[in-house]
Amino acid sequence: MKNWNKYPIKIIEKKDFPIQLKEIKKCPEKLFYRGNWNNNIFNKSLAVVGSRRMSRYGREIVAKFVPEFVANGITVISGFMYGVDTESHNKALEFGGKTVAVLGGGLDILVPAENGNLYSEILEKDGLVISEYVYDFKPTVWSFPQRNRIVSGLSSMGILIIEAGMKSGSLVTARIGREQGKMIYAVPGQITSSTADGTNYLIKNNFAKMILSASDITDNKIINFQDALFESTDPLEDSIIQILKVEALSIDELCKELKTNIVELNTKISIMSLNNLLIEENGKVYLKR
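Under this note's numbering, the sequence shown is numbered contiguously, ending at residue 1048.
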């Protein structure tokens, strides 16, 4: 096992976080990390998560997708656990890419124990290992779901879910990602496989965009997520976006601002909500960010 703990633990304050992380709810005030922190590695970054009980199919998907992400200069962010997390980190490194691991425990607590070499290789190849917990904090049942908001928050391009059961941490990450306004992608799986129940559920219910190849993400105009999210060639849709950038409004207030037909506006709002551009809460329409 390589000596990963020879690397000093450093602290970064919230004011120095990448902008997409600063904007999340319950953003930590500081993070502990090993490696050389450079916010540029988060400019094109994708969270890749999935089942700890990764199947052969999941392994094949990681092997097919991650090299293309690396070729497009995308940093792979994941949670360092068994299965899809570990495989994604390893594959990114194998093809010369950058990867960031967000731990569910302190930086001196190696979980899983067999990932010592991976820990060291991430640091040797200019990646980062991050935690919000003090160096000797032992992970708990709640600390893994809590760290998922950071995995999601650091990504600029969204979250890719490769395999997930219905009660998996990956679905927690998807929910958190939607709350943060991230794009959610999911790879469909066999309907007879329990590790596909969660991903297929997300796709079926329009909670995630179905991904059949890495190019579905790399060729999409979501590299600069915030800009692409608010692009529109539809005049009414564009007007709605411009108004909601300023403040959330009720549909009646929007109707008055736009001087448009309420039926047409309701239809447009519904379509934009399905496309993950808007969300309606407490009687108001919000632009997703």
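Ideal Cβ placement from N, Cα and C applies to all residues, glycine included.
What would DSSP say about Y944, mapped onto helix, strand or coil?
To locate residue 944, count along the sequence shown from 1; it is residue 185. Of the three classes helix, strand and coil, the one that applies to Y944 here is strand, per DSSP.
Return the bridge partner residues of R793 from the DSSP annotation.
By one-based count along the sequence shown, residue 793 stands at place 34. DSSP lists V888 as partners of R793.
Using a 10 Å radius around the Cβ and a threshold of 16 neighbouring Cβ atoms, would you call G838 buried or exposed?
Within the sequence shown, residue 838 is the residue found at index 79, counting from 1. Buried, because 16 or more other Cβ atoms sit within 10 Å of the Cβ of G838.
How is the beta strand (DSSP E) around Y1045 delimited, first residue to last?
Position 286 of the sequence shown holds residue 1045. Where Y1045 is concerned, the enclosing beta strand (DSSP E) stretches over K1043 to L1046.
Would you mind stating whether V825 and K850 have Cβ atoms separated by less than 8 angstroms?
As a first step, residue 825 is located in the sequence shown; it is residue number 66 there, counting from the start. As a first step, residue 850 is located in the sequence shown; it is residue number 91 there, counting from the start. Less than 8 angstroms divides the Cβ of V825 from the Cβ of K850.
By the DSSP assignment, the alpha helix (DSSP H) with E853 in it spans what residues?
Numbered from its first residue, the sequence shown carries residue 853 at position 94. Counting along the chain, the alpha helix (DSSP H) containing E853 begins and ends at V843 to E853.
How big is the Cα-Cα spacing for S998 and I1028?
What you label residue 998 is simply residue 239 of the sequence shown in a count that begins at 1. What you label residue 1028 is simply residue 269 of the sequence shown in a count that begins at 1. Rounded to whole angstroms, S998 to I1028 spans 12 angstroms at the Cα level.
Among residues of its own chain, excluding the 5 on either side of G865, which ones have a beta-carbon nearer than 7 angstroms to its beta-carbon?
In the sequence shown, residue 865 corresponds to position 106, counting from 1. Excluding positions up to five away in sequence, the list reads S890, Y892, V893, Y894, D895 and F896.
Grab me the residues of P898's own chain with a C-beta within less than 6 angstroms of its C-beta, minus the 5 sequence neighbours each way, in chain order.
Within the sequence shown, residue 898 is the residue found at index 139, counting from 1. The residues are G863, G864 and V870.
Check each candidate in G948, A973, K1047 and F828 and name the one with the smallest Cα separation from I962.
By one-based count along the sequence shown, residue 962 stands at place 203. For the residues G948, A973, K1047 and F828, the minimum Cα distance to I962 belongs to G948.
Between G924 and Y944, is the Cβ-Cβ spacing less than 8 angstroms?
By 1-based counting over the sequence shown, the position of residue 924 is 165. By 1-based counting over the sequence shown, the position of residue 944 is 185. The beta carbons of G924 and Y944 sit no closer together than 8 angstroms.
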